[in-house]
Every structure is written in structure tokens, then in C-alpha cells.
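Before any comments, here is the structure.
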Amino acid sequence: MAEVLMKTITDAKEMVSNKLTASNTVLTLATVQDALDRLKGAVMIVYPMKLPPYDPVQMEFNNEEDLSGTQASLEVIEQGALWWAGKELLPEKLLSDYVGKNEKTKVIVKLTKKGSSAPGREQVMSEEEKKQMMAWQYRKQEEMKKLHEADDGDDYYNSPWANSNNLKNQFHGIGNIKWGPK
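Numbering (our numbering), first residue to last: 1475 to 1656.
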């Protein structure tokens, strides 16, 4: 009996899975209702005497479940608004009015409660990418610190190529004149 329930649950999850977007399958209300009907049928097979009316599964099937005071109540949106690119998508307008007529455009829409402000923007980088970038910057900084400590920076001042008057001295012919005792 448990196998019947588990198989039906996995089938219902696959029917309403977000993996349907990869196969370009549209999720309709009829598909959701079909998955719910299959779950009801599996519960009737396993519990032929029916569930008591106070059971959470039975209350969910009858759409009577009271979620007030629970964490699940935060996930339920009675009336929602769709947002894309910082704009609320109005039901009177077509999606092509907002996005354009290009069929290959990928649109990621966020769902919020009706009357709430626009949802926050997504991060440009994930936490893992931030960690990798910070580690790379730290390694680069340590490398530069080691190079700076190893080289005091004054060695090139005595080099002939660093003499700013070198070209002038060559034109005047006074290249290797030394002042002072030999």
C-alpha cells in the first residue's frame, strides 16, 4: 500500500515539476487537477474507509486546510502579481507588449503578493563565485606583497636606462665624465 502512495506521489510531482520548462510543456490547471485526482484515487485505494475530516490530507483535498500560524502559510499567495524587469505585468496586456515579439527571448518572471513592491534583484554573482574571486584577489595581493618586500625598488635608479638626462648627455658628447678622485 505504501508503494502505491509513493508511486502516485512521484508521478504527481513529475506532472507539475518545473522540469517541464526544459521540454517546453505548458502546465495547465487541468494537469494540476489531474495530478490531484490521481492522489485522491491513491488515498481512496489505501484508505477505503476514507480519512477523517480533520486529517490534513483530507482537508487539503477539500481545500479546507487552515495554514494560519504555520510556515506554509507564508508560501501561499492568494492574489499575486507577476514582475519582470522591475515592471509589474498587468493582466490586461499581452506579454509581447513588455518583451517584444522575439520568440527566442527567455523571460524570468517573479511572483509576489498583490500590492507589494517590486521584488529585489538577483545577485550578479553567486556566493561560490564571490568566494573564488576573493580568494584569487587575496592570492594576488600576497604575491604582490612578496614581490614588493623582495625588491626595495631603488635598484633601477642607478641603471643607465633610468637616467633622464641620458639622451641630452649623448647629444652633447659628455657620456662618461666622472667628477671626483679616481
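The beta carbon of each residue, even a glycine, is placed where N, CA and C say it ideally should be. Note that the coordinates shown come from a computational prediction; the quantities given were computed from them, not determined experimentally.
query: Kindly indicate which three-state DSSP category L1525 falls into: helix, strand or coil?; result: coil
query: Does DSSP put G1717 in a helix, in a strand, or in coil?; result: With the chain covering 1475 to 1656 only, the question about residue 1717 has no answer from this structure.
query: Near N1640, what residues of its chain come up, given a Cβ to Cβ distance below 7 Å and the 5 sequence neighbours on each side ignored?; result: P1634
query: Alpha carbon to alpha carbon, what distance is there between N1537 and E1562?; result: 29 Å
query: For V1583, count neighbouring Cβ atoms within 10 angstroms of its own Cβ and tell me buried if that reaches 16, exposed if not.; result: exposed
query: With a 10 Å radius around its C-beta and 16 neighbouring C-beta atoms as the bar for buried, classify V1517 as buried or exposed.; result: buried
query: Three or more beta-carbon pairs under 8 Å between the segment 1533-1547 and the segment 1569-1578, yes or no?; result: no
query: Quick one: Cα of V1500 to Cα of P1530, how far?; result: 29 Å
query: Taking L1510 as the reference, which of V1490, P1526 and M1523 has the closest Cα?; result: V1490
query: Run the proximity test for M1599: is its beta-carbon closer than 7 Å to any non-hydrogen atom belonging to the ligand PLP?; result: What this structure holds is no ligand at all, so the ligand PLP is not there to describe.
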